[in-house]
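No gaps in the numbering here: position 83 of the sequence shown is 83 in my numbering, and each next residue is one more.
Notes follow once the structure below has been shown.
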Amino acid sequence: MKFFLTLVIFAIKCRSRSVRPHGSPGGVYICTQPNWNGDCTWRPPSDDCYLSGLLDLAPGSIGPDPGGYCHLYDESTCKGAVKQTLKFPGMSRWVPIFGSMKCRQFFSD
């Protein structure tokens, strides 16, 4: 009985806070709704340029993995001026409107 009660308390604690997976530096977790809800996906580290999506497909949460960062650009080409830089844990809400995003790993000098 004690084991079952501990398991239930652990499950309640895990569901009560926003939990998202952490992958590899340069990877990013993206959800269509704020607070890591909606349709979510994890993108592994790559050199890809991600378009932001429109309306219901626009990110509501963006979380670069520890050791990485994401640049948000106004343009859809991942070039030009950086609108905003996100680092771990990212933004669980109030994601700005942007045209494209590129995520990378931090490299030490």
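From the three backbone atoms N, C-alpha and C, an ideal C-beta is built for every residue, glycine too.
The structure displayed is predicted, hence computed values, not measured ones.
Own chain, CB closer than 7 Å to residue i, minus 5 neighbours either side, in chain order
i, result
"residue 52", "58, 59, 98, 99, 100 and 101"
"residue 62", "28, 30, 70, 86, 90, 91 and 95"
"residue 41", "30"
"residue 34", "60, 61, 92 and 93"
"residue 105", "25, 26, 45, 67 and 68"
"residue 38", "31, 32 and 60"
Same chain only: Cβ atoms within 6 Å of residue i, ignoring 5 sequence neighbours per side
i, result
"residue 70", "28, 64, 86, 101 and 103"
"residue 76", "51, 99 and 100"
"residue 78", "49, 100 and 102"
Expected contact under 8 Å - CB spacing of residue i and residue j to nearest Å
i, j, result
"residue 45", "residue 25", "7 Å"
Nearest-angstrom Cα separation, counted from residue j out to residue i
i, j, result
"residue 36", "residue 47", "24 Å"
"residue 83", "residue 49", "15 Å"
Residue environment, residue i, which counts as buried when at least 16 other CB atoms sit within 10 Å
i, result
"residue 72", "buried"
"residue 80", "exposed"
"residue 12", "Its pLDDT being 32, under 50, residue 12 is placed unreliably in this model, and the coordinates cannot settle the point."
"residue 54", "exposed"
Neighbourhood of residue i by C-beta, 8 Å cutoff - its chain only, sequence neighbours within 5 removed
i, result
"residue 107", "none"
"residue 74", "80, 81, 83, 98 and 99"
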